[in-house]
Every structure is written in C-alpha cells, then in structure tokens.
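Here is the structure we will look at.
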Amino acid sequence: SVNPDAPIICCTAEILANIALREGASADVQMVVADEYHFIADPDRGWAWQVATSELPQAQFMIMSATLGDVTGLVDLLTARTGRPTEVLAGATRPVPLVFNWSLTPLPETLTELVHTGAAPIYLVHPSQAAATEQAQGLMSMKLVDTQARRGIVEAIGGFRFARGFGATLVKMLRAGIGVHHAGLLPKYRRLVETLAQQGLLRVICGTDTLGVGINVPIRTVVFTTLSKFDGRRQRLLRAREFHQIAGRAGRPGFDPVGNVVVQAPEYQIENARVLAKFAEDEKKLKSVRRKKPPEGFVNYTEASFERLVAAQPETLHARLEVSHSMLLNLLQRDEETGAALARIVRAAMADPGQQRKQLRRAVALGRSLLEAGVVVRRTTPTAGGRRYDLAPGLQDDFALNQPLSAFAMTALDLLDPDLDGYELDVVSVIEATLEDPMAILFAQQSKARGETVAELKAEGYDYEERREILAEVSWPQPLAEELSEVHLAFAKTRPWLVEHPLRPKAIVRDMVERAMTFTEYVAFYKLQRSEGLLLRYLSDAWRALRQTVPAAFHTDELDDLIAWLGELVRATDSSLVDEWEALANGDASARTGSADAAAPVRPLTGNSRAFRVLVRNAMFRRVQLAAQDDPDGLAGLEADDSGPILSGADWDEALGDYYDEHDTIGTGSAARSPSFFVIGDDRTRRWQVTQIIDDPAGNHDWQIRAEVDLDASDELGELA
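Numbering (this note's numbering), first residue to last: 15 to 735.
Structure, rendered in structure tokens:
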C-alpha cells in the first residue's frame with residue numbers, strides 16, 4: 015500500500031514523471047534519489063527519467079548509476095533547472111572487485127569447474143528466452159545440490175501454487191537448484207526465483223540480460239554464453255554499457271571477496287582450441303589442421319573483443335523522449351500554459367533543433383486530435399497560470415490515452431453500431447489494433463492456422479506448390495483489418511505523425527473470448543509455455559486500455575462483462591499486475607496506511623461476482639464448441655483435473671452420438687452465445703447448478719449440458735472447479 019503523506023515514497027520513474035507533468039514546480043517533492051539512471055537512454059522508459067529531471071526544479075537530485083558515461087550534459091541541465099551547483103562523484107572503488115576470464119572450455123565443463131571451486135551462485139546470460147529455458151532443462155542432469163539442499167528448496171517453496179503449463183517444468187528445475195529468469199515468465203515465477211536466490215538456495219540461474227536492469231538476485235559469478243544479442247531489429251554485439259551493467263552484478267558485498275565474470279568463447283573457437291591442444295606436440299599434424307570458421311550470419315567476437323569491452327567506458331547517455339497523448343493529458347492538469355511547458359521539456363531532452371521541431375509539430379498534431387475527439391475543450395478564459403485548455407467534462411476518472419493510436423481508436427469506436435451482435439468484440443478489436451504486437455503469440459497463432467490449413471488442403475488433394483502458394487497468404491487473425499485501415503488512412507491525412515505508428519490488427523483477447531478459453535487452455539492450445547509472461551502482460555495492457563480508453567458512452571452490459579472477465583482472468587493467473595495497477599489507480603482512498611484494504615487478503619476468484627459468472631459461462635460454452643467439433647476426448651480432457659464424478663471420453667461419445675442422431679450440427683454463433691441459453695439455478699448457494707442450452711438447427715433447444723460449480727473449491731484452487 016502507498017501512504018501519499020509519507021516523508022519518503024518509493025516509486026517508479028513513471029510515477030514520479032507523471033507527478034512532474036501534472037504539478038511541475040508546485041509538486042511536493044523536495045528530494046529525488048534516482049537509481050539506475052542509465053535508463054534515461056531506454057527507448058521505452060527514458061522519457062520518465064528525462065521529464066522527472068527537467069520538470070522538478072524545486073527538488074535536489076541524487077542520481078546514481080555505475081554506467082553513466084560522460085555526464086557533462088546532465089550536469090548542465092541539473093544546474094540550470096535547479097539553480098544548485100552539481101557535484102560529480104566518479105571513479106569509486108567497487109567494494110567487491112571483479113575478475114574477468116575468457117573461457118575456451120565447453121559450457122558444461124565451465125559450470126562444473128565453477129561449482130566445484132565455490133563460485134556459485136552463477137547467473138548464465140543467454141541471448142534469448144528460449145535459449146535460457148533450454149539450457150536450464152539441459153542442466154537438470156547435473157547434480158548441483160545435495161539431498162539436504164534439495165530439502166531446503168522444497169521447504170522454501172512451501173505451498174506455492176504452480177499452474178499447469180511451464181509451472182510443472184519450473185518446479186522440477188527449482189528442486190534441482192536451477193532457476194530461470196526472463197521476461198517471458200509469469201511475474202509470480204520471477205519473484206519466486208528471486209526469493210529462492212536471495213536465500214542462497216539456487217546454484218545456477220539461466221536468464222537473459224534482465225540481470226542488467228537491477229533485479230534483486232545475489233550472484234557470485236556471471237557467465238556470458240555469448241557477447242551478442244538481438245535488439246529487436248538485428249543481431250549485434252553488446253555495447254560497453256550493457257556489458258558492464260550485467261557484469262557489475264557479480265559479487266555480493268559482505269559475502270564474496272571477488273565477483274567472477276566469465277565469457278564463453280564461440281563454439282567454433284572452443285572446438286579449434288581443443289583440436290590445437292590435442293596436436294600441440296605434433297607440429298606436422300598441427301599444420302594440417304583445418305580450423306573451423308564462424309557459421310554464416312554469426313555475429314563474431316574474439317578474446318580481443320572481450321578485452322575491449324572490459325576496458326571500455328560506457329557510452330554517453332542520450333535522453334529518449336517522444337511526445338504522447340498521455341503526456342499532454344497530464345500537462346493539462348497543471349496551471350501553466352501547456353505549449354510553453356511542453357516546449358521546455360522537449361528542449362531540455364534534445365539538443366538538435368531539427369528533432370525539437372519534429373516533436374513540437376507532433377505535439378500540435380496530437381493536441382488537435384484531442385480537440386477533435388472531444389477529449390479536450392478550449393476554455394473561454396485562461397487560468398491564472400495561463401492554461402487555455404481543459405479535459406472535457408464527463409470522462410471517467412481513470413480515462414487515459416496511453417497508446418500512440420488511442421485518439422484514432424476513439425474515432426474508430428464512433429463508427430461501430432452497438433445494436434449489432436458482436437459489438438463488444440468489435441470494440442476489443444479496435445483497442446487490440448492500437449496495442450504493441452506480441453510477436454511470439456502472433457507467430458504461434460499463424461503457425462496453428464497454417465497447420466490447420468495444410469491438413470485441409472491435403473485432404474482436398476492440393477499439390478505441394480498449390481499448398482505453398484495458399485499458405486503464404488495465411489497469417490494470424492486480423493478482424494476489422496480492412497475497415498480500420500481505411501479509417502486510419504483517412505485519419506492520417508491530417509495527422510502526419512500517425513504514419514510512424516502503423517495499425518496492428520490482431521485478435522488475442524477476442525480469440526480467447528471466441529474460443530471460450532482460460533489462460534491455461536490458451537497457453538496449451540498455442541504452445542505458449544515459454545511466453546506465458548508475454549501473454550499475461552498483453553492481456554493486462556488490453557484490460558487497462560479497455561478500461562481507460564473506451565469512453566463510458568461506448569459501454570454496453572456485454573462489454574462491461576467482457577472487461578470484468580478479462581481483469582479477473584489476469585488476476586487469477588497472477589494477481590500482482592492487476593493489484594499494483596489498481597492500488598495506484600485508486601489513489602488515497604484505499605491506499606492509506608493502516609486501512610482495512612491494506613490488510614485485506616487477496617480477493618478470491620469468486621470475489622467479483624460479475625466476472626465469475628462470465629468465467630462459468632465461458633467454461634460451459636467451451637464445452638459447446640468441443641461438442642460442435644464432435645471431440646469427446648477434448649471434452650473429457652476439460653474434466654481430467656476435477657474431483658468427483660466426471661464424464662469419460664466414452665460417455666461423451668455416446669451422448670454426442672445420440673445428439674447427432676437427431677441433428678446435423680450444433681450452433682456456436684452469436685445466437686448460441688446468448689445469455690438466455692445459460693442458466694444458473696440458485697446463485698445464493700456455494701454450489702451452483704448451471705445449464706447451457708444447445709442451439710440445435712431445429713430450434714427445439716431441448717438438449718443441454720449441465721454442471722455443478724463448487725465456489726469454495728474454485729477459491730481454494732484459484733481456478734474454476
């Protein structure tokens with residue numbers, strides 16, 4: 015919980031930046047201690063550090079980072095904005111010195127040597143999440159912990175709830191003393207790994223460069239499996255700042271005399287070294303040895319590359335800033351002329367006049383779009399501080415436009431007809447088109463669609479070349495793509511900045527709704543076990559966007575049900591993302607120290623009655639869909655983990671046979687989803703008797719699926735029972 019009146023508040027840079035935007039020099043902030051300040055150069059988060067630094071002139075700053083590089087520009091900015099002299103403390107001696115080594119032995123041998131010489135705990139840095147997970151699975155054959163240590167791990171894990179999917183794999187790794195840590199994991203799994211590491215229970219952690227962003231994992235040795243990384247656009251070598259940020263995590267003050275940093279040579283160099291060592295005594299054979307070359311396309315590095323990185327100073331930091339709708343909306347809460355405040359922020363962030371003009375032109379275009387959308391209105395007279403615009407009255411309290419295409423979304427929503435079936439799904443599609451693409455999930459959807467298409471084409475007798483040509487056109491689902499593209503093109507004619515932000519039609523939330531799947535079922539269906547964290551973050555972003563971006567005038571009961579269900583789905587999977595966001599969104603009322611809310615337990619699954627009803631309705635409709643596919647094994651699989659009497663595959667096969675003796679099909683369209691086809695008996699009890707009526711083609715509606723829902727068991731399990 016957060017006490018806003020506390021003398022010291024710990025928060026993210028984004029929280030402080032939003033305070034700085036809203037209140038500026040009048041904010042009650044006298045001192046700012048900013049750690050990990052090198053994030054000012056981060057493309058996504060850098061704006062927050064920059065805004066907080068330039069818009070709180072009343073505050074004294076203590077800025078910290080081990081990799082700031084040349085700080086001349088930062089010193090000038092702080093001195094000019096605060097009026098205080100700025101002192102630079104550089105060249106401090108590390109309390110735990112680092113020892114750097116270049117390794118020409120295969121990774122398993124390197125790890126065995128490190129473990130046996132007391133260099134654990136060890137963090138293995140991998141270029142990708144998949145590589146980290148594969149490495150962790152490969153290490154399970156090594157005996158890294160003894161029986162007593164394993165017992166300690168089991169005791170520390172205690173009653174932690176591992177979900178189906180990757181959770182079943184992770185618990186085996188942890189019991190073997192091996193952790194996995196990367197952004198693809200659910201937040202609760204990352205926190206568990208960090209907790210076990212802090213207790214000294216894990217010997218090896220396989221992860222990505224998340225170690226360099228300040229996660230709280232005590233490590234004695236850092237091992238780089240490679241010096242290259244994929245930065246989202248291309249494969250490249252690590253920069254000096256990135257290398258030192260990660261390497262600097264080695265060595266625990268008070269525990270380790272030194273921190274070890276080991277860099278694995280590329281595999282071809284390790285093999286060459288092995289062969290050369292083998293024939294070192296035979297000069298004739300040594301001359302005839304054919305040395306391996308780096309694979310084609312491999313970003314090569316050598317021991318000299320490694321030594322240059324060790325000796326290099328971090329690159330000069332350059333602030334990242336792009337004017338956004340959210341920035342303008344926050345500035346409109348400050349009693350100051352908005353244009354002047356924005357110009358000051360932009361000029362403080364970038365020295366190049368051309369870049370300044372580009373951002374200021376962008377700000378003008380964004381402002382016009384807010385006026386046209388009715389989000390912002392012009393005042394008849396300026397405020398005392400000179401502000402000429404206000405937020406429009408009637409917007410919901412948590413209204414926000416956090417995506418570059420949020421204003422476009424409001425225009426597109428206006429074109430939808432709320433009286434048409436599926437309106438709420440079309441609203442979801444508009445919002446999803448404005449969110450960033452989670453490519454791992456989209457590629458999984460595409461792969462699934464292509465696999466299904468191949469099976470259909472083979473069954474219909476298409477030859478290989480015909481199948482290839484057709485498959486090239488198969489992609490992930492993109493509902494309303496054509497309609498939204500037309501609106502986007504028309505919108506962009508008067509808003510040139512939209513060209514930089516292409517529309518991204520996709521259906522992930524919509525796909526989950528239409529398939530009536532839970533989080534676990536969706537992960538299994540698309541084989542997303544290594545991307546659970548990515549999926550959860552996307553669903554969380556979509557939920558927040560639906561809550562904040564869609565004005566109240568566009569809401570219907572069906573849309574509100576969907577939003578409630580989505581929030582509960584995210585919460586039930588990992589409550590931290592929703593709980594933290596709601597704590598911030600609720601403000602003072604629910605966040606004061608000592609309040610009942612602060613001490614309350616996590617809300618049970620049945621705590622949100624509206625969302626729980628949707629959860630049950632979706633579970634029942636999932637059974638309708640499988641029945642429509644005549645899939646008795648799939649239906650039996652849904653009940654495999656339930657206690658009590660269940661229907662086997664044979665039972666379902668017999669029941670479906672009886673149905674299909676009478677009817678040819680089972681409806682799964684919008685009519686079949688009607689709330690009138692879903693009935694709850696007495697919802698005042700803790701055991702609901704629920705009925706899903708089948709939409710048969712004759713319209714008799716005399717076939718049903720009945721089930722009992724145990725609310726107490728659902729709360730205990732954290733999923734529907």
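All C-beta atoms in this analysis are idealised placements derived from N, C-alpha and C, irrespective of residue type, glycine included.
(request) Would you tell me roughly how many angstroms separate the C-alpha atoms of E474 and D644, rounded to the nearest one? (result) In the sequence shown, residue 474 corresponds to position 460, counting from 1. In the sequence shown, residue 644 corresponds to position 630, counting from 1. Using only the alpha carbons, I get a separation of about 20 Å.
(message) Does the contact criterion of 3 or more C-beta pairs under 8 Å hold for the stretch 175–183 versus the stretch 538–547?
(response) Per the Cβ contact rule, the stretch 175–183 is in contact with the stretch 538–547 (3 or more Cβ pairs under 8 Å).
(request) Return the CA-CA distance between S623 and S340, expressed in angstroms with no decimal places. (result) Residue 623 sits at position 609 when you count from the first residue of the sequence shown. Residue 340 sits at position 326 when you count from the first residue of the sequence shown. Looking at the two C-alpha atoms, the distance is approximately 32 Å.
(request) Determine the direct distance from the alpha carbon of E653 to that of T620, and round the result to whole angstroms. (result) Taking the sequence shown and counting its residues from 1, one reaches residue 620 at position 606. Taking the sequence shown and counting its residues from 1, one reaches residue 653 at position 639. If I take the Cα positions, the gap works out to 20 Å.
(message) Pop quiz: A641 and L661 are said to be a contact at Cβ under 8 Å. What is the actual Cβ separation, rounded to whole angstroms?
(response) Position 627 of the sequence shown, counting from 1, holds the residue named residue 641. Position 647 of the sequence shown, counting from 1, holds the residue named residue 661. With a Cβ gap of about 11 Å, A641 and L661 do not count as contacting.
(message) Contact criterion: CB-CB distance below 7 Å. Does V444 meet it with respect to chain B?
(response) In the displayed structure, chain B is absent; only one protein chain is listed.
(message) For A354 and T448, what's the separation of their Cα atoms in angstroms?
(response) Counting from one through the sequence shown, the residue named residue 354 turns up at place 340. Counting from one through the sequence shown, the residue named residue 448 turns up at place 434. Approximately 29 Å between the Cα atoms of the pair.
(message) Distance check for D675 and A603, CA to CA, integer angstroms please.
(response) Reading the sequence shown from its first residue, position 589 is the one you call residue 603. Reading the sequence shown from its first residue, position 661 is the one you call residue 675. Only weak support is given to the placement of A603: the predicted model assigns it a pLDDT of 37, under 50, and the question is left unresolved by the model.
(message) Which same chain residues end up closer than 7 Å to F257 when comparing Cβ atoms and leaving out the 5 residues on each side of it in sequence?
(response) As a working note, residue 257 is residue 243 in the sequence shown. Excluding residues within five positions, the ones whose Cβ falls inside 7 Å are L323.
(request) Determine the direct distance from the alpha carbon of P432 to that of D667, and round the result to whole angstroms. (result) Stepping through the sequence shown from its first residue, residue 667 is reached at position 653. Stepping through the sequence shown from its first residue, residue 432 is reached at position 418. Near 39 Å, if we compare the C-alpha coordinates of P432 and D667.
(message) For the beta strand (DSSP E) containing Q703, name the first residue and the last one.
(response) Here residue 703 is taken as the residue at index 689 of the sequence shown, counted from 1. From DSSP, the beta strand (DSSP E) with Q703 extends over R701 to I707.
(request) Identify whether D223 lies in helix, strand or coil by the three-state DSSP scheme. (result) Residue mapping note: residue 223 aligns to position 209 of the sequence shown, counting from 1. Helix, per DSSP.
(request) Tell me whether Y540 is buried or exposed, calling it buried when 16 or more other Cβ atoms sit within 10 Å of its Cβ. (result) In the sequence shown, the residue the question calls residue 540 occupies position 526. Buried is the call here.
(request) Output yes or no for whether 7 Å exceeds the beta carbon distance between A686 and D716. (result) As a position in the sequence shown, residue 686 is number 672, starting the count at 1. As a position in the sequence shown, residue 716 is number 702, starting the count at 1. Not a contact, by the Cβ cut-off of 7 Å.
(request) Give the single residue among T699, P711, I719 and G681 whose Cα lies nearest to the Cα of D13. (result) Because the chain spans 15 through 735 in this model, residue 13 falls outside it and cannot be assessed.
(request) In angstroms with no decimal places, state the Cα-to-Cα distance between E127 and D588. (result) Along the sequence shown, one-based indexing puts residue 127 at 113. Along the sequence shown, one-based indexing puts residue 588 at 574. C-alpha separation (whole angstroms): 38 Å.
(message) Once the 5 residues before and after W116 are set aside, which same chain residues still bring their CB inside 6 Å of it?
(response) The residue you call residue 116 lines up with position 102 of the sequence shown. V277, E317 and F320.
(message) What does the Cβ neighbour count give for A73, buried or exposed, with the cut at 16 atoms within 10 Å?
(response) On the sequence shown, residue 73 is found 59 positions in, with the first residue counted as 1. Its Cβ being crowded by 16 or more others within 10 Å, A73 is buried.
(message) Can you tell me whether K298 is buried or exposed? The criterion is at least 16 other CB atoms within 10 Å of its CB, across all chains shown.
(response) Along the sequence shown, read from residue 1 onward, the residue named residue 298 stands at position 284. Classification of K298: exposed, given that the 10 Å Cβ count is below 16.
(message) Once the 5 residues before and after A610 are set aside, which same chain residues still bring their CB inside 6 Å of it?
(response) Taking the first residue of the sequence shown as 1, we reach residue 610 at position 596. Low confidence applies here, because A610 scores a pLDDT of 30, under 50, leaving its location unreliable; read the following figure in that light. Residues of the same chain with a CB within less than 6 Å of the CB of A610, apart from the 5 flanking positions on each side, do not exist.
(request) Please report how far the alpha carbon of T699 lies from the alpha carbon of A727, in whole angstroms. (result) Position 685 of the sequence shown, counted from the start, is the residue given in the question as residue 699. Position 713 of the sequence shown, counted from the start, is the residue given in the question as residue 727. A727 has its alpha-carbon roughly 13 Å from the corresponding atom of T699.
(request) Using only alpha-carbon positions, find the residue among D84, V113, Q417 and L200 that is nearest to A803. (result) Here the chain comprises residues numbered 15 to 735, so residue 803 is not present and cannot be evaluated.
(request) With DSSP as the reference, label Y437 as helix, strand or coil. (result) Position 423 of the sequence shown, counted from the start, is the residue given in the question as residue 437. Three-state DSSP puts Y437 in a helix.
(request) My understanding is that L456 touches K520, with C-beta atoms under 8 Å, so please give their C-beta distance in whole angstroms. (result) Locating residue 456 in the sequence shown gives position 442, where the first residue counts as 1. Locating residue 520 in the sequence shown gives position 506, where the first residue counts as 1. Indeed, because the Cβ distance is near 6 Å, the residues count as touching under 8 Å.
(request) In the DSSP assignment, find the unbroken beta strand (DSSP E) run with Q64 in it and report its ends. (result) Here residue 64 corresponds to residue number 50 of the sequence shown, with the count starting at 1. Here Q64 belongs to no beta strand (DSSP E); instead the alpha helix (DSSP H) covers G60 to S68.
(request) Starting from Q562, trace the alpha helix (DSSP H) both ways and give me its first and last residue. (result) As a position in the sequence shown, residue 562 is number 548, starting the count at 1. Run containing Q562: E546 to T563, per the alpha helix (DSSP H) assignment.
(request) For T235, I'd like the list of residues in its chain whose CB is within less than 8 Å of its CB, leaving aside the five on either flank, ordered along the chain. (result) Taking the first residue of the sequence shown as position 1, residue 235 is located at position 221. For T235, where only same-chain residues beyond five positions count, the Cβ hits under 8 Å are L128, A133, A134, P135, I136, Y137, A264, G273, N274, V275 and V276.
(message) Buried or exposed, going by whether 16 or more other CB atoms sit within 10 Å of the CB of L290?
(response) Stepping through the sequence shown from its first residue, residue 290 is reached at position 276. L290 should be labelled exposed.
(message) Please give me, in chain order, every unbroken run of the beta strand (DSSP E) with length at least 3 that falls completely inside the stretch 258–318.
(response) 273–278
(request) Check the C-beta distance from L153 over to I192 and give it rounded, since I have them as a contact under 8 Å. (result) Reading the sequence shown from its first residue, position 139 is the one you call residue 153. Reading the sequence shown from its first residue, position 178 is the one you call residue 192. With 8 Å as the limit, L153 and I192 qualify as a contact, their Cβ atoms being about 5 Å apart.
(message) At the level of alpha carbons, what is the spacing between V441 and T534?
(response) As a first step, residue 441 must be located in the sequence shown, where it is residue number 427. As a first step, residue 534 must be located in the sequence shown, where it is residue number 520. Near 24 Å, if we compare the C-alpha coordinates of T534 and V441.
(message) Quick check on this structure: which residue in P618, I167, L82 and E101 has the alpha carbon closest to the alpha carbon of G739?
(response) The structure shown does not extend to residue 739, since the chain spans only 15 to 735, so no value can be given for it.
(request) State the DSSP-derived secondary structure class of M76, mapped to helix, strand or coil. (result) Indexing the sequence shown from 1 puts residue 76 at position 62. Reduced to three states, the DSSP call for M76 is strand.
(request) May I ask you to list the residues that DSSP assigns as paired with A48? (result) Indexing the sequence shown from 1 puts residue 48 at position 34. According to DSSP, A48 bridges with I77.
(request) Have a look at Q739 and N230 and give me their C-alpha separation to the nearest angstrom. (result) Because residue 739 is not part of the residues shown, which for the chain are 15 to 735, the question remains open.
(message) Does the structure place the stretch 301–312 close enough to the stretch 332–348 that three or more beta carbon pairs sit under 8 Å?
(response) no
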